[in-house]
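Data first, discussion second: the structure below is written as structure tokens.
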Amino acid sequence: GGLRSCLVPASVSFLGHDRTHALARSLTNRAGSNSPCQDSPLMAQDILEHHLLPRESLSPPHLQLGTAEARAYIRIQTHTYPHLARAHQMNSTIYGSACSWCGARLSLLHVTWECTARPHKANMPGLRAYSREAWEALLTRSMLGVQRCLLDQAERVARISVVLEWRPTYSLFPRILLLRE
């Protein structure tokens with residue numbers, strides 16, 4: 015006697031399948047799901063709505079922001095702006111998983127806004143570390159000055175942490191690309 019495993023398609027029922035399934039769930043300490051699964055959107059319009067719904071509470075980029083600035087602002091709102099946590103996901107051998115300034119868990123919010131050990135040259139003049147609530151409140155503002163301040167702070171931190179080096183070949187900041195060429 016030993017254990018024997020058998021792969022069976024989910025559409026095929028066989029004796030003991032439900033008991034085996036329940037046993038496997040109990041061994042992995044996972045709760046069963048009683049709620050029906052939501053299917054991922056398939057149509058282009060549904061996919062777009064799925065990604066835009068979380069941004070409805072946030073303000074759109076100000077009309078006076080340039081195209082690159084507007085795209086960068088949206089990337090800040092959607093947490094896709096270049097930052098150390100994303101760099102770690104792309105290349106974990108070069109970028110660590112903890113904040114290099116304070117050792118906390120990395121996120122765009124932390125390195126750009128919350129970290130109290132961030133170098134002074136990474137901060138806008140007069141900026142101190144702030145809370146998540148202050149960050150989220152600023153992301154809902156539609157004033158040009160507020161949006162430019164958020165853009166400036168995110169760019170300062172990305173430059174200091176050398177994260178702008180790994181970004182894709184297209185440039186959100188043409189002036190940076192020109193400096194590197």
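Sequential numbering from 15 applies to the sequence shown in this note's numbering. Note that beta-carbon positions come from the ideal geometry of N, C-alpha and C, so glycine has one too.
- Taken through DSSP and simplified to helix, strand or coil, residue 119 comes out as strand.
- For residue 112, the pairing in a beta bridge is given by DSSP as 119.
- Contact annotation: residue 170 and residue 83 have beta-carbon atoms that are not nearer than 9 Å.
- Taking every protein chain shown into account, the CB of residue 119 has fewer than 16 other CB atoms within 10 angstroms, so this residue is exposed.
- Under the three-state reduction of DSSP, residue 35 is assigned to helix.
- Residue 163 carries a helical assignment under DSSP once its states are collapsed to helix, strand and coil.
- Setting aside the 5 residues that flank it on each side, residue 127 is surrounded in the same chain by 144, 149, each with a C-beta closer than 6 Å to its C-beta; the list follows chain order.
- Minimum Cα-Cα distance from residue 94 among the listed residues 56, 121, 160 corresponds to 121.
- The DSSP assignment places complete alpha helix (DSSP H) segments of no fewer than 4 residues inside the region 50-104 at 58-66, 81-91, 98-104, in order along the chain.
- Scanning its chain for C-beta atoms nearer than 8 Å, with the 5 sequence neighbours on each side dropped, one finds around residue 172 the residues 95, 96, 97, 178, in chain order.
- Note that the C-beta distance between residue 101 and residue 90 is not below 9 Å.
- Sequence-distant Cβ neighbours of residue 137 in its own chain, meaning closer than 8 Å and more than five residues away, are 167, 170.
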